[in-house]
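Colleague: The following block contains the structure, expressed as structure tokens.
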Ligand code: NDP
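In the UniProt record's numbering, the protein residues as written are 5 to 291.
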């Protein structure tokens, strides 16, 4: 591992990333705004820099894992001259627009830029299930893929630096709505004396099995024809029973009503006989 790597930011995530690099035998130089956070890493062979500038100068590859977009600018703006000619991998969480802004900033400074989104909590780094979403410089991605793969399976989406963040947020959107669905089910059975744990033991295998539907929906959506045979129709998926049962349990109907509204808009537009996947049209064209 001849590439000299610098890690800026040793919070919970930055420390986990740096730790994985040290374990893999990389020579790394770390920096953190507040002192003391590099001690464990130094004990295991890493170098610690007193300033972010010293860290940047020590690495050909500079990894930033700071709090947010503003903190990346705060740390790197004064160092643009030192960063020129180096590669910056920014795994700090930023919005697609912020990632593009940083890529433009880097381009003006002569810095090769790769944006990364981490789909993992720190304890998952280097373990199965972690993934690293990347966009920006293709050269940087291909050159440093072995390093990125140490953290989690690294996937590249394209030169538009905002894509990794967009994927990241899209995956989180799917996760939060699924979580809300689980909470709704748990709230529905709670008045019947069912614990959340009992419900979870039924919901986990059910929802896991249902994720198989994603690929089937995707085939219909990408095919552009919602009338293909064998799908559950929108008419059939009318969620009135779920709403009525939820109300009867005395709980909020918001989660299910949201899905019902998406279904209803397509039924109202005359597509009731078509497949459930068609609700994506309600989402693509806000009502
Ligand atoms: P922490 O709060 O643990 O650490 C934040 C880090 O940013 C610290 O090193 C902190 O330094 C530094 N920092 C904050 N503001 C500044 C600033 N103005 N100038 C310099 N350094 C600054 O956060 P995490 O390590 O958990 O998260 C880091 C990034 O990783 C975030 O963007 C987060 O969204 C992302 N991420 C985190 C995940 C997680 O599960 N933790 C999951 C996926 C992404 P100091 O020690 O001096 O305060």
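By construction, the Cβ of each residue, glycine as well, lies at the ideal position given by its N, Cα and C atoms.
Reducing DSSP to helix, strand and coil, say where residue 212 ends up.
Modeller: Working through the chain shown from its first residue, we reach residue 212 at position 208. Three-state DSSP puts residue 212 in a helix.
Colleague: Relative to the C-alpha of residue 19, which candidate in 120, 267, 125 has its C-alpha closest?
Modeller: The residue labelled residue 19 in the question sits at position 15 within the chain shown. Of the listed residues, the one whose Cα sits closest to residue 19 is 125.
Colleague: Going by Cα to Cα distance, which pick from 158, 176, 271 is closest to residue 132?
Modeller: As a working note, residue 132 is residue 128 in the chain shown. If we check each option's Cα against that of residue 132, 158 comes out closest.
Colleague: How would you write the range of the alpha helix (DSSP H) that residue 47 sits in, first residue to last?
Modeller: Residue numbering aside, residue 47 sits at position 43 when the chain shown is read from its first letter. Counting along the chain, the alpha helix (DSSP H) containing residue 47 begins and ends at 43-47.
Colleague: Is residue 94 a contact residue of the ligand NDP, with contact defined as CB to any heavy atom under 7 Å?
Modeller: Residue mapping note: residue 94 aligns to position 90 of the chain shown, counting from 1. For the ligand NDP, not one heavy atom lies less than 7 Å from the Cβ of residue 94.
Colleague: Starting from residue 128, follow the alpha helix (DSSP H) in both directions and report where the run begins and ends.
Modeller: Stepping through the chain shown from its first residue, residue 128 is reached at position 124. No alpha helix (DSSP H) holds residue 128; DSSP gives it neither H nor E.
Colleague: For residue 116, which of 193, 47, 169, 86 has the nearest alpha-carbon?
Modeller: Within the chain shown, residue 116 is the residue found at index 112, counting from 1. The candidate whose alpha carbon is nearest that of residue 116 is 86.
Colleague: Is residue 117 helix, strand or coil by DSSP?
Modeller: Translated into the one-based positions of the chain shown, residue 117 becomes position 113. Here residue 117 sits in strand by DSSP.
Colleague: Check the C-beta distance from residue 198 over to residue 281 and give it rounded, since I have them as a contact under 8 Å.
Modeller: Taking the chain shown and counting its residues from 1, the one referred to as residue 198 is at position 194. Taking the chain shown and counting its residues from 1, the one referred to as residue 281 is at position 277. Not a contact, Cβ separation roughly 31 Å.
Colleague: So who's on the other strand from residue 180, going by DSSP bridges?
Modeller: Here residue 180 refers to the residue found at position 176 of the chain shown. Under DSSP, residue 180 takes part in no beta bridge, so it has no partner.
Colleague: What number of angstroms, rounded off, separates the C-alpha of residue 145 from the C-alpha of residue 283?
Modeller: Counting from one through the chain shown, the residue named residue 145 turns up at place 141. Counting from one through the chain shown, the residue named residue 283 turns up at place 279. Residue 145 and residue 283: Cα-Cα distance of roughly 36 Å.
Colleague: For residue 190, which residues of its own chain have a beta-carbon under 6 Å away from its beta-carbon, when the five flanking residues on both sides are left out?
Modeller: By one-based count along the chain shown, residue 190 stands at place 186. Result list for residue 190: 200, 203, in chain order.
Colleague: Just the C-alpha distance for residue 27 and residue 65, rounded to the nearest angstrom, thanks.
Modeller: If you number the chain shown from 1, residue 27 lands on position 23. If you number the chain shown from 1, residue 65 lands on position 61. One C-alpha to the other measures close to 17 Å.
Colleague: Tell me whether residue 155 is buried or exposed, calling it buried when 16 or more other Cβ atoms sit within 10 Å of its Cβ.
Modeller: What you label residue 155 is simply residue 151 of the chain shown in a count that begins at 1. That one is buried.
Colleague: Enumerate in chain order the residues of its own chain whose CB-to-CB distance from residue 250 is below 7 Å, with the five nearest sequence positions on each side excluded.
Modeller: As a first step, residue 250 must be located in the chain shown, where it is residue number 246. Taken in chain order, the residues that qualify are 192, 257, 260.
Colleague: Indicate, with yes or no, if the ligand NDP has a heavy atom lying under 7 Å from the CB of residue 60.
Modeller: Here residue 60 corresponds to residue number 56 of the chain shown, with the count starting at 1. Residue 60 Cβ: outside cutoff for every heavy atom of the ligand NDP.
Colleague: Quick check on residue 13: buried or exposed, where buried means 16 or more other Cβ atoms within 10 Å of its Cβ?
Modeller: Translated into the one-based positions of the chain shown, residue 13 becomes position 9. So residue 13 counts as buried.
Colleague: For residue 171, which of 36, 227, 103, 196 has the nearest alpha-carbon?
Modeller: Counting from 1 along the chain shown, the entry for residue 171 is found at position 167. Residue 171 has its Cα closest to that of 103, out of 36, 227, 103, 196.
Colleague: Use the C-beta contact count for residue 97: other C-beta atoms within 10 angstroms, 16 or more gives buried, fewer gives exposed.
Modeller: Along the chain shown, one-based indexing puts residue 97 at 93. By the 10 Å Cβ count, residue 97 comes out buried.
Colleague: Ignore the nearest five residues each way along the sequence and tell me which others in residue 61's own chain have a CB closer than 7 Å to its CB.
Modeller: For the purposes of this step, residue 61 is identified with residue 57 of the chain shown, where counting begins at 1. Here the set comprises 86.
Colleague: Would you mind reading off the limits of the alpha helix (DSSP H) that contains residue 244?
Modeller: One-based indexing of the chain shown puts residue 244 at position 240. Note, residue 244: alpha helix (DSSP H), 244-252.
Colleague: The beta strand (DSSP E) with residue 67 in it runs from where to where?
Modeller: Stepping through the chain shown from its first residue, residue 67 is reached at position 63. Unbroken beta strand (DSSP E) run through residue 67: 65-68.
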